[in-house]
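In order, the protein sequence lines correspond to chains A and B. Note that numbering that gives the first Met the number 0 has the first sequence beginning at 0, numbered continuously upward. Note that numbering that gives the first Met the number 0 has the second sequence beginning at 0, numbered continuously upward. Glycine included, each C-beta is placed from N, C-alpha and C at the ideal position. To start, the structure under review is shown below, and the notes come after it.
2 protein chains.
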Amino acid sequence: MPKPLTFGQFLRESRESKVATDRGFSLRKVAERAGIEPSYLSKIERDEQPPPGEAVIRQLAVELSEDPDVLLALAGKVSSDLLAIIRSRPRLFADLIRQLKSMPDHAVLRLVREVRDGSW
Amino acid sequence: MPKPLTFGQFLRESRESKVATDRGFSLRKVAERAGIEPSYLSKIERDEQPPPGEAVIRQLAVELSEDPDVLLALAGKVSSDLLAIIRSRPRLFADLIRQLKSMPDHAVLRLVREVRDGSW
DNA sequence: GGCATTGTGTAGTAGTTACTACACACTCAC
DNA sequence: GTGAGTGTGTAGTAACTACTACACAATGCC
């Protein structure tokens, strides 16, 4: 398996893989499009600063075409919309999630599909 | 349905219902057992201060025999162990939770039971 | 009526979060 | 060789989080 990257490493690798073929992915350009200072992004990519807030992470995800939930996870966070869903029925979701903790991916995936396909 | 209480209101009602029959549930006593200043708890119960951190909420849950996940939800938080589980497989859990967002309780409950009983 | 206990008011604070602003040195194109 | 663009270093900060410490007035108990 690919060794787990830090948030900063992941960002840098994602961006550098794109800047190779598209000059629009320089650190400065990406920072500008994401609405943050270049020096801030620089520090983030080198894990010198902790990851930014959810809004900025989402912007970066858009710019780099990465999955926001994955990026947020690497940043040690969970999407605020998921938190709201859990908070709306805490006992229900807490139970479910703890039950699924040690289930293999394919089992959980089956669950996702069953729910989606409405076999209910 | 019971109108949704704030975190502070919920705490106060829980505590006052107990102090009626047990003097050990005065604000000061509970605060002491939970390891916080009485004035702090007072402000929290009146929603004058935002809810405390997860550790204190858990202590209060123990003292008042309330469900920690419910208390955390009222405080606008989600248990850190659940966050860790989600972060470990962000895409998987994000999908599942968003799918379940609008499912009725009984459907989700069935899921919980099926998983628990290992009908897999 | 005095001591204990109750809830609350006021004031303060250390630590963290989430950034901005600006300057600098290097490289590259032409 | 100069102007544009690159990444990075330094410095600072406003807002929020999560509390403590102490003093005070009211009530209860015997």
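Given that residue i touches chain B, what residues does it touch there, using C-beta distances under 8 Å?
| i | result |
| --- | --- |
| residue 78 of chain A | 93 |
Which chain B residues sit within Cβ distance under 9 Å of residue i?
| i | result |
| --- | --- |
| residue 28 of chain A | Under the 9 Å cutoff, chain B gives no residues; its nearest Cβ is about 27 Å from residue 28 of chain A. |
| residue 111 of chain A | 91, 94, 95 and 98 |
| residue 18 of chain A | Going along chain B, no residue has its Cβ under 9 Å from residue 18 of chain A, so there is no contact; the nearest lies around 25 Å. |
Using a C-beta to C-beta distance shorter than 7 Å, which residues of chain A count as neighbours of residue i?
| i | result |
| --- | --- |
| residue 117 of chain B | The contacting residues do not exist; residue 117 of chain B stays about 10 Å from chain A at best. |
| residue 82 of chain B | 77 |
| residue 100 of chain B | 84 |
If the cut is a Cβ gap below 8 Å, which residues of chain A does residue i touch?
| i | result |
| --- | --- |
| residue 108 of chain B | 91 |
| residue 88 of chain B | 104 and 107 |
| residue 75 of chain B | 86 |
My guess is that residue i and residue j are in contact by the Cβ rule of under 8 Å, so how many angstroms apart are they, rounded?
| i | j | result |
| --- | --- | --- |
| residue 4 of chain A | residue 89 of chain B | Residue 4 of chain A to residue 89 of chain B, Cβ: 14 Å. No contact. |
Would you mind stating whether residue i and residue j have Cβ atoms separated by less than 7 Å?
| i | j | result |
| --- | --- | --- |
| residue 35 of chain A | residue 84 of chain B | no |
| residue 33 of chain B | residue 62 of chain B | yes |
| residue 114 of chain B | residue 98 of chain A | yes |
| residue 50 of chain A | residue 9 of chain A | no |
| residue 29 of chain A | residue 14 of chain A | yes |
| residue 37 of chain A | residue 22 of chain A | no |
Rounded to whole angstroms, what is the Cα-Cα separation between residue i and residue j?
| i | j | result |
| --- | --- | --- |
| residue 111 of chain A | residue 76 of chain B | 25 Å |
| residue 20 of chain A | residue 45 of chain A | 22 Å |
| residue 48 of chain B | residue 116 of chain A | 45 Å |
| residue 41 of chain B | residue 52 of chain B | 15 Å |
| residue 78 of chain B | residue 68 of chain A | 18 Å |
| residue 64 of chain A | residue 80 of chain A | 20 Å |
| residue 1 of chain A | residue 87 of chain B | 14 Å |
| residue 60 of chain B | residue 39 of chain B | 16 Å |
| residue 101 of chain B | residue 94 of chain B | 13 Å |
| residue 74 of chain B | residue 18 of chain A | 43 Å |
| residue 109 of chain B | residue 109 of chain A | 15 Å |
| residue 25 of chain A | residue 58 of chain A | 15 Å |
| residue 103 of chain B | residue 31 of chain A | 43 Å |
| residue 82 of chain A | residue 91 of chain B | 15 Å |
| residue 43 of chain A | residue 66 of chain A | 18 Å |
For this session: Determine which residues of the region 51-73 of chain A have a Cβ less than 8 Å from any Cβ of chain B, and write them out in chain order.
Result: Listed by position, the residues of the region 51-73 of chain A near chain B (Cβ gap below 8 Å) are 66, 68, 69, 71 and 72.
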